[in-house]
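Using UniProt numbering, read the sequence shown as starting at 1 and increasing by one per residue.
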Amino acid sequence: MNGNARRAPAGLFEGTIFLLIGAASLYLLTTEHAVYAVAPALAAALLLLISRDPRVGYYLVVFLIPFGAYRAFGGGKLLNLPWLIGFWLLLLIVLRFIGSKECLDQLKANLWPLVGLYFGTSLVSALLSRYPGTSFDTLKLFLAANVFIAIGIFFLTTPKDYGRNLLLVLIVSITVNSLLGIAGYTFTLPFFAMDPESFKRSTGATVDPNNFSLMAVFSLPLIAHAFVSARSVCSRIAACGAFVVNLAGIVLTFSRGGAIVLVVTLALILIRHIRRLTPGRMGIVIALSGILIATALVVIPDSYWERQKSVLDQKVDKSIGRRSAYLTVGFQAFMENPLLGYGPGTFRDIFSQTEVALFFQREGETLRRFAHNTYLEVLVGTGGVGFLLFLGILWRALHNFHVAGKNFQACGDEEMAAVTKAYRLSFLSLLIYLLMFSDMYHKYLLLSLTVSVLALRLSRERTERQGGGHGHTAFSG
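Written out as structure tokens, the structure reads:
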């Protein structure tokens with residue numbers, strides 16, 4: 001009976017939507033845009049597939065994350081495919097709630113109390129802000145970000161989602177983007193590289209080389225896990241290939257922050273896996289490392305090394321001076337309003353009104369500059385209260401991964417424990433990168449929060465099936 005109750009409103013809603021889509025196709029056939037008449041039909045097919053298995057829609061949204069420059073289409077790029085899919089998934093959740101109140105249990109997560117407190121703090125800060133436009137625009141992004149988290153928590157429920165499917169989607173999508181970035185740099189393709197006439201940098205399908213670098217670094221712990229856990233030679237070769245492609249992608253972004261985080265991440269990967277490598281695999285890793293280093297010294301363009309060194313010469317490059325100025329302005333703003341800050345996302349407005357902004361202004365660019373530090377953005381925007389809550393959310397997610405890993409190990413499930421540690425290491429690399437990158441709503445940050453909840457949930461379910469009670473909780477050691 002409950003199943004029929006859930007299907008009835010969903011079926012009626014889907015039928016209405018598809019009738020409207022059919023009408024749109026017929027209408028387009030009568031206009032000069034008849035060539036687009038097939039688009040509604042394709043959309044209907046995609047929505048039907050997602051309705052039957054919503055996880056397909058979520059995986060598609062995750063797959064499209066690296067392709068930020070080309071996810072939207074139409075006049076003014078008003079149609080954003082991930083947003084459309086996300087809206088459809090949200091409607092499916094609402095329809096399931098209509099049929100069954102039990103669905104509420106699927107949305108439970110230990111992150112929500114802190115998220116709610118952070119939202120409340122941000123709202124009060126926005127109401128008191130001198131920059132209400134920026135503040136409330138940022139709050140809208142906050143709400144959209146948490147819808148993305150909620151959709152993932154609701155639809156990703158199985159060990160296969162966690163241990164295989166999501167991992168594969170992330171590795172493939174980021175590696176494809178890195179391949180596009182390599183092609184863009186090598187063949188000077190303006191779609192996947194920037195400033196080819198002055199200083200060429202690879203962007204892949206992202207809108208920014210630093211974001212490209214962040215994503216590629218994020219993939220490395222996952223790929224390393226795929227290599228170590230591979231059960232066939234072909235899988236190991238594929239993992240090695242993906243690792244090399246993403247390393248090359250990072251280099252061709254010429255991102256200095258990316259280079260720093262890359263070194264740290266590679267060290268963490270080595271520490272994580274060195275004990276798990278068999279002598280045979282250790283030999284492969286050493287041989288590949290030697291080949292990669294030798295190849296890198298020959299292949300990496302001289303301009304890459306020159307750019308890395310230029311950061312020390314303020315006459316050639318003012319980036320260190322700019323970032324020092326961001327820190328100075330940011331901490332001054334915090335001291336002036338230490339409790340609730342100036343309003344979410346308002347660092348740009350504050351910086352634009354300083355004399356130092358005029359000093360570092362680039363021709364043709366706005367004075368409104370990001371802090372290139374997510375934590376500083378939060379500190380200025382929501383003050384000490386919001387900053388501590390934000391750190392609390394990040395700590396809770398890291399602790400979720402830690403507890404989940406212990407639960408899986410207690411159950412003897414070393415495979416799930418290993419993938420949990422891989423996700424945690426990717427998350428940690430992202431948190432380090434956010435010291436040099438401004439985006440508190442980065443999709444991989446939001447996804448990591450989602451995955452931490454899934455990890456804890458699955459580990460506790462595994463413990464319960466094995467007869468060990470609830471295992472460790474997010475509040476135990």
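Cβ coordinates follow ideal geometry from the N, Cα and C atoms, glycine included.
From a predicted model like this one, the values you see are computed outputs, not experimental measurements.
### Query
Where does Ser129 sit, in a helix, a strand or coil, going by DSSP?
Numbered from its first residue, the sequence shown carries residue 129 at position 129. Three-state result, Ser129: coil.
### Task
Report the residue ranges of all alpha helix (DSSP H) runs contained in full by the region 348-423; include only those spanning at least 4 residues, in chain order.
355-359, 374-410
### Task
Report yes or no: do three or more beta-carbon pairs, one from the region 144-156 and one from the region 398-407, lie closer than 8 Å?
no
### Query
When you compare only the Cα positions, how much space is there between Leu297 and Ala259?
Indexing the sequence shown from 1 puts residue 297 at position 297. Indexing the sequence shown from 1 puts residue 259 at position 259. Going by the C-alpha atoms only, they are around 15 Å apart.
### Query
For the region 184-204 against the region 239-253, are there 3 or more C-beta pairs whose distance is under 8 Å?
yes
### Query
Glu377: which of Glu414, Phe243, Arg348 sits nearest, CA to CA?
Taking the first residue of the sequence shown as position 1, residue 377 is located at position 377. That would be Arg348, whose Cα lies nearest to the Cα of Glu377.
### Query
What do you reckon, are the CB atoms on Gly386 and Tyr131 nearer than 7 Å?
The residue labelled residue 386 in the question sits at position 386 within the sequence shown. The residue labelled residue 131 in the question sits at position 131 within the sequence shown. No, these two residues do not count as a Cβ contact at 7 Å.
### Task
Over the uninterrupted alpha helix (DSSP H) stretch that includes Arg272, give me the two end residues.
For the purposes of this step, residue 272 is identified with residue 272 of the sequence shown, where counting begins at 1. Looking at the DSSP string, the run of the alpha helix (DSSP H) that includes Arg272 is 256-273.
### Task
Report the residue from Ala397, Phe408, Ala418 whose alpha carbon sits nearest the alpha carbon of Leu446.
Position 446 of the sequence shown, counted from the start, is the residue given in the question as residue 446. The shortest Cα separation from Leu446 among Ala397, Phe408, Ala418 belongs to Ala397.
### Query
In whole angstroms, what is the alpha-carbon distance linking Arg322 and Tyr185?
Against the sequence shown, residue 322 aligns to sequence position 322. Against the sequence shown, residue 185 aligns to sequence position 185. Computed Cα separation, rounded: 27 Å.
#### Entry: Residue range of the unbroken alpha helix (DSSP H) whose run includes Pro221
By one-based count along the sequence shown, residue 221 stands at place 221. Unbroken alpha helix (DSSP H) run through Pro221: 209-229.
#### Entry: Alpha carbon of Leu19 to alpha carbon of Arg424, nearest angstrom
In the sequence shown, the residue the question calls residue 19 occupies position 19. In the sequence shown, the residue the question calls residue 424 occupies position 424. Looking at the two C-alpha atoms, the distance is approximately 45 Å.
### Message
Less than 7 Å between the C-beta atoms of Phe351 and Val380, yes or no?
### Response
Position 351 of the sequence shown, counted from the start, is the residue given in the question as residue 351. Position 380 of the sequence shown, counted from the start, is the residue given in the question as residue 380. Not closer than 7 Å, so no.
### Message
Check whether the region 422-439 and the region 263-283 touch, using three or more Cβ-Cβ pairs below 8 Å as the test.
### Response
yes
### Message
Under 6 Å: does the beta carbon of Asp195 sit that close to some heavy atom of the ligand FMN?
### Response
This structure does not include the ligand FMN; it has no bound ligands of any sort.
#### Entry: Assigned secondary structure, Arg71 (DSSP; H/G/I helix, E/B strand, else coil)
The residue given as residue 71 occupies position 71 in the sequence shown. Three-state result, Arg71: coil.
### Task
State the start and end residues of the unbroken alpha helix (DSSP H) segment that holds Cys234.
The residue given as residue 234 occupies position 234 in the sequence shown. Here the alpha helix (DSSP H) through Cys234 covers 233-252.
### Query
Is Met440 helix, strand or coil by DSSP?
Walking along the sequence shown from the start, residue 440 turns up at place 440. Here Met440 sits in coil by DSSP.
### Query
Measuring CA to CA, which of Ser51, Tyr326, Ala41 is closest to Glu355?
In the sequence shown, counting from the first residue as 1, residue 355 sits at position 355. Ranking Ser51, Tyr326, Ala41 by Cα distance to Glu355 puts Tyr326 first.
### Query
Buried or exposed: where does residue 491 fall if 16 or more other Cβ atoms within 10 Å of its Cβ makes it buried?
Nothing about residue 491 can be read from this structure; the chain reaches only from 1 to 477.
### Message
Rounding to the nearest angstrom, what Cα-Cα distance links Ile65 and Thr374 in this structure?
### Response
Looking up residue 65 in the sequence shown gives position 65. Looking up residue 374 in the sequence shown gives position 374. Roughly 19 Å between the two C-alpha positions.
### Task
Could you pull the start and end residues of the alpha helix (DSSP H) that Gln332 belongs to?
Here residue 332 refers to the residue found at position 332 when the sequence shown is read from its first residue. Counting along the chain, the alpha helix (DSSP H) containing Gln332 begins and ends at 319-336.
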